[in-house]
Amino acid sequence: FIIGGGEIFAQALPMADRIYLTRVHAQVFCDTFFPKLDPTDWEIRQEFYQPANEKNDYPFTFQLLERT
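Residues 36 to 103 (this note's numbering) make up the sequence shown, in order.
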């Protein structure tokens with residue numbers, strides 16, 4: 036597992052064959068981003084949407100991606 040900033044993700048991405056990705060559906064100020072993924076290189080194997088609720092201020096989508 037790789038947990039890190041944008042540069043660390045970019046360095047590790049070519050070696051990855053699976054990504055556990057959480058997409059938070061909100062506009063917030065930030066200065067670090069996960070690298071853009073080429074959709075032709077990745078297939079969504081699982082996807083789960085969670086609406087905002089009393090535990091989560093923002094809705095989010097969890098995705099399991101595998102390299103094609």
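All C-beta atoms, glycine included, are put in the ideal place defined by N, C-alpha and C.
Just so we're clear, the structure is a prediction, and the values are computed from it rather than from any experiment.
Going along the chain, which residues of its own chain have a beta-carbon closer than 8 Å to the beta-carbon of Phe77, five neighbours each way excluded?
On the sequence shown, residue 77 is found 42 positions in, with the first residue counted as 1. Correcting the residue type first, residue 77 is Trp in the shown sequence and not Phe. Ile54, Leu100, Glu101, Arg102, Thr103, listed in sequence order.
Rounded to whole angstroms, what's the CA-CA distance from Gln46 to Gln81? Just pull it up for me.
The residue you call residue 46 lines up with position 11 of the sequence shown. The residue you call residue 81 lines up with position 46 of the sequence shown. Rounded to whole angstroms, Gln46 to Gln81 spans 25 Å at the Cα level.
Please say whether Pro70 and Phe97 have beta carbons closer to each other than 7 Å?
Here residue 97 corresponds to residue number 62 of the sequence shown, with the count starting at 1. Here residue 70 corresponds to residue number 35 of the sequence shown, with the count starting at 1. Not closer than 7 Å, so no.
Could you tell me how far apart the beta carbons of Gly41 and Phe64 are, in whole angstroms, since I believe they sit closer than 8 Å?
Locating residue 41 in the sequence shown gives position 6, counting from the first residue. Locating residue 64 in the sequence shown gives position 29, counting from the first residue. About 15 Å separates the two Cβ atoms, so there is no contact after all.
Tell me where the beta strand (DSSP E) around Glu82 begins and ends.
By 1-based counting over the sequence shown, the position of residue 82 is 47. Glu82 -> beta strand (DSSP E) spans 77-85.
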